[in-house]
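Down below is the structure, laid out as structure tokens.
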Amino acid sequence: MPDTFSAQAAMAVLDDGGNAVDAAITAQFVLAVTLPEAGNIGGGGFMTIVKDGEQRFLDYREEAPGAAHRDMYLDDEGKVKTREPLFGAKASGVPGTVAGMWKAHQAYGTLPWARLLAPAIALAEDGFVVPAHLADRVAKYIKRTSQRGIETNFADHFGDIESNQRFVQPELAATLRHIQQHGHDGFYAGKVASQIEDFMEDNGGLITTDDLAAYQAKWRQPLSLSWRDFTLVTAPPPSSGGVAVAQWLNMLEAYATTHTMPAHNSPDYLHVMSEIGKRVFADRAEYLGDPDFVDVPVAALTDPAYFARRASDINPTAISPSKPVEPGLIESEDTTHFSIVDKHGNAVSNTTTLNLSFGSGMVVAGAGFLLNDEMDDFSAKPGVPNFFGAIGGEANAIAPGKRMLSSMTPTIVLRDNEVALVTGSPGGTTIISSVTQTILNALAFEQNATMSANAPRFHHQLWPKDTIRVHPGFDTGTLKHLEQMGYTLDRRRFGDVQLIKQDSTGLSAASEQSGRGEAMVRDAHTD
Ligand code: GLY
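Numbering (the UniProt record's numbering), first residue to last: 1 to 527.
Here is the structure:
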């Protein structure tokens, strides 16, 4: 059963005359109450907007606290202490979500801020009936962390959650009310900022009231570039996602100028796309980081001549060599995404995260919200993979005030300046594959919204060597063929695509059926 809390609250905002940005703000705050795995006020994210034809990108990614430093997660022997950037107070970057929502509202909001927060406050104050999958994930998380001796205060706050029972969060409700009354400063100054600083001091974390006061969400130029007859409007650095998706789509186009375009989800398609994925992830590791700290050669990485050069040495029948480097832990990837189009044709694509499910596992005492463990998205030690098995370089080393590299890729695709597709997904580094393949499904292979969101997907991120992660649902002959070529198959689902497609038949929406989202379309068809 899908969770409909945020979709219903966002639809009510649209019904009240709000625009797509208003609806997005409401959805974001509702998710902070009903989807504690990833929805948040203690994390961050990115929002891609097309409003009245204008393309905007809002970066509300977390940033490293002022006391952070390059080697903060290394032990005396220079080895990465792998748990520290993932669990506990020291794993958290300075949260960006409230600043992001406030900035979006200042620029585009039409309904009052207080109205937009009201549904989240009601759900925290009066409670909501806990879906079985949430109760199940909470129980598993508590069991797993306790078995591994990981110390957090998660169970104190979420241990009482029971399936089909009402769950009330009075502390979170009070924090949301404070934000409702005081806007940006309701989180970054005064009571809540002090609660965060006190909590950090008590638990070995680094975030101070000065860090919070200094935090700003940033408007950035979205990555806007051509692919076929479309314009991709997507995430620039500090996300790696937009560059990666643009590379993946355009290297496939470049390949198809000299070879036959492989059939959808055929062995050739998975092989060629995997070869491109290796090139994309090699570039990601080397060049991508926070553009306010490092020069990211975005223009060079997205130059058509570069696409052609990189695609030119793909061998259509054999795997190219790669150095053997093993990834780190592989567990669940979390994050959440929503896509919205309003009646004026404005679109919002928003991806937000605490990083892993339930973030750092730490709930700010008295304030009732989970903090992120986004510090793991930095490269704790260049060349050593993070949780997602992603290897980073100097460009993504830790520095005070720097934003950690992300894979979140909220994307809007335009055709003749009209919105043709709005999409995104959770899933760490697999987000890049989910978004790329969804765009291909919907616009190159012309699948409808439901098929585009649900066709089996695959992911290759260079390491582990020659390994393709595959969804259930691929043809056995295809998988056998890939194994015969020398690929190792990692058979695990990833991602949770949310998409809206507009074509000559109108607007349709889909939410991946294996996930928990809900697609709703007013006065049009939902397929
Ligand atoms: N924390 C996952 C990402 O930002 O890519």
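Note that beta-carbon positions come from the ideal geometry of N, C-alpha and C, so glycine has one too.
The C-beta distance from E418 to Q502 rounds to 7 Å, short enough to meet the 8 Å contact threshold. F358 sits close to Y141, with the two beta carbons spaced by under 8 Å. By a beta-carbon distance limit of 8 Å, A124 contacts L172. Their separation comes to about 5 Å.
When the beta-carbon positions are compared, H460 and R493 stay at least 8 Å from each other. Look at H471 here: in three-state DSSP terms it is coil, with no helix or strand label. In the three-state DSSP reduction, A114 falls in the helix class (H, G or I).
In this structure, S379 lies away from G88, with their beta-carbon atoms at least 8 Å apart.
Annotation: A395 to I431 spans about 21 Å, alpha carbon to alpha carbon. Here the distance from the Cβ of E37 to the nearest heavy atom of ligand 1 is not below 7 Å.
Per DSSP, the unbroken alpha helix (DSSP H) holding F187 starts and ends at 185-188.
Between the alpha carbons of N386 and R83 lies a gap of roughly 11 Å. In this structure S504 is exposed. Its beta-carbon is surrounded by fewer than 16 other beta-carbon atoms within 10 angstroms. Distance check between I468 and each of Y269, I439, D136, Y255 places Y269 closest, using alpha-carbon atoms only. Per DSSP, Y108 is one residue of the alpha helix (DSSP H) stretching across 97-108.
G44 sits in a strand when the DSSP states are folded into three classes. The DSSP-derived three-state label of S406 is strand. In the DSSP assignment, the residues bridged to I49 are R56, V348.
Per DSSP, G506 lies in no alpha helix (DSSP H) segment; the continuous beta strand (DSSP E) that holds it begins and ends at 506-511. Contact annotation: D376 and N346 have beta-carbon atoms that are not nearer than 8 Å.
Counting only runs of 4 or more residues that sit fully inside the stretch 189-268, the alpha helix (DSSP H) segments are 190-203, 209-214, 241-256, in chain order. Within the same chain, Cβ atoms closer than 6 Å to the Cβ of R415 are found at F230, the five residues on either side in sequence being excluded. When only Cα atoms are considered, K402 and G428 end up about 19 Å apart.
Beta-bridge partners of S379 (DSSP): A397.
For L212, the closest C-alpha among the options Q181, E201, I196, T317 is that of I196. Between the beta-carbon of V341 and that of A20 there is about 6 Å, and that keeps the pair under the 8 Å contact cut. Beta-bridge partners of G424 (DSSP): Q498. In the DSSP assignment, the residues bridged to F338 are N350. Residue burial annotation: S349 is buried, with at least 16 other C-beta atoms found within 10 angstroms of its C-beta.
Each of T423, D523, L462 was checked against the Cα of D283, and the nearest Cα belongs to L462.
With fewer than 16 other beta carbons inside 10 angstroms of its own, Q147 counts as exposed. Pairing R56 with W219 gives a Cβ-Cβ distance under 8 Å. V245 is a Cβ neighbour of T436, given a cutoff of 8 Å. Pairing V413 with L443 gives a Cβ-Cβ distance under 8 Å. Judged by DSSP secondary structure, V413 falls within the beta strand (DSSP E) whose first and last residues are 411-415. Here G517 is buried: its Cβ has 16 or more other Cβ atoms, across all protein chains shown, within 10 Å. Non-local beta-carbon contacts of P456 in its own chain, meaning distances under 8 Å to residues more than five positions away in sequence, involve N265, V470, H471, P472, G473, F474 in chain order.
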